[in-house]
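A short write-up of the structure that comes next.
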Amino acid sequence: MLVPSPSRGGASIVLDRWCDVRARRLPRVLVVAAHPDDDVLGLGGQLERTAPELHVAFVSDGAPDAPDYYRSLGFARRCDYAEARRAEATAALCMAGVSDRHVHELGLVDQTLARQLDVAIERISRLIAAVAPDAVMT
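At the far end of the sequence shown sits residue 150, using my numbering, and the numbering has no gaps.
Right, dumping it as structure tokens:
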């Protein structure tokens with residue numbers, strides 16, 4: 013079993029526990045991703061292993077408010093494109109064993125975060141308090 017050095021920080025301890033296949037308890041991890049599907053880019057091969065204790069938060073819905081963009085993808089409305097992104101991301105996470113109850117949407121329109129930092133900070137703070145993760149990954 014990996015024994016973390018007392019001089020190492022909390023993130024190192026979580027990483028040690030995460031990588032040790034014999035660990036008795038997986039760390040509860042909250043991944044905060046800008047858009048649906050960004051979670052898999054940062055988590056890679058650990059996604060399925062950590063699924064029981066993994067929470068994923070999508071800051072934006074992944075659908076910019078640009079009609080030319082979503083129409084070029086075959087969607088008549090921005091909300092339809094956002095729903096498709098959400099459904100795809102949730103289905104992929106469920107296939108990896110992540111409960112749909114652990115998928116959180118913060119509800120910002122894609123590409124508006126810079127104008128709504130206060131809203132994002134408040135929503136992320138509330139989610140961290142509710143989930144009580146051992147680590148937050150971005």
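Here a beta-carbon is modelled for each residue, glycine too, at the ideal position from N, C-alpha and C. No experiment lies behind these values; they were computed from the predicted model shown.
Indicate the three-state DSSP secondary structure (helix, strand or coil) for residue i in the structure shown.
{"i": "L38", "result": "coil"}
{"i": "A104", "result": "helix"}
{"i": "A78", "result": "coil"}
{"i": "L129", "result": "helix"}
{"i": "S111", "result": "coil"}
{"i": "D92", "result": "helix"}
{"i": "V15", "result": "Model confidence at V15 stands at a pLDDT of 41, short of 50, so the residue's coordinates are unreliable; what they give is reported in the following sentence. V15: coil per DSSP, three-state reduction."}
{"i": "A141", "result": "helix"}
Please check the pair residue i and residue j, which I expect to be a contact at CB under 8 Å, by giving their CB distance rounded to whole angstroms.
{"i": "P64", "j": "G109", "result": "7 Å"}
{"i": "V44", "j": "T62", "result": "No, V44 and T62 are not in contact; Cβ-Cβ is about 15 Å, not under 8 Å."}
In whole angstroms, what is the alpha-carbon distance linking residue i and residue j?
{"i": "I136", "j": "S111", "result": "19 Å"}
{"i": "A132", "j": "A126", "result": "9 Å"}
{"i": "D73", "j": "L118", "result": "8 Å"}
{"i": "V148", "j": "A142", "result": "13 Å"}
{"i": "R98", "j": "L38", "result": "26 Å"}
{"i": "D146", "j": "G86", "result": "41 Å"}
{"i": "I140", "j": "R89", "result": "32 Å"}
{"i": "T150", "j": "E95", "result": "23 Å"}
{"i": "A69", "j": "V115", "result": "6 Å"}
{"i": "D77", "j": "V71", "result": "15 Å"}
{"i": "L129", "j": "D122", "result": "13 Å"}
{"i": "E134", "j": "T124", "result": "15 Å"}
Just to confirm my understanding: we take residue i, look at its own chain, exclude 5 residues before and 5 after, and list those with CB closer than 6 Å. What are they?
{"i": "Y168", "result": "Absent from the model: residue 168. The displayed extent of the chain is 13 to 150, so no value can be given."}
{"i": "H67", "result": "L42, H114, V143"}
Going by beta carbon distance, what residues of the same chain come within less than 7 Å of residue i, once the five residues before and after it are set aside?
{"i": "T102", "result": "D112, V115"}
{"i": "A46", "result": "V71, S72"}
Got a sec? Which residues, its chain only, sit under 8 Å from residue i by beta carbon, not counting five neighbours each side?
{"i": "E100", "result": "P48, D49"}
{"i": "C91", "result": "A75"}
Contact between the region 100-117 and the region 76-83: three or more CB pairs below 8 Å? At 8 Å Cβ cutoff, the stretches do not touch.
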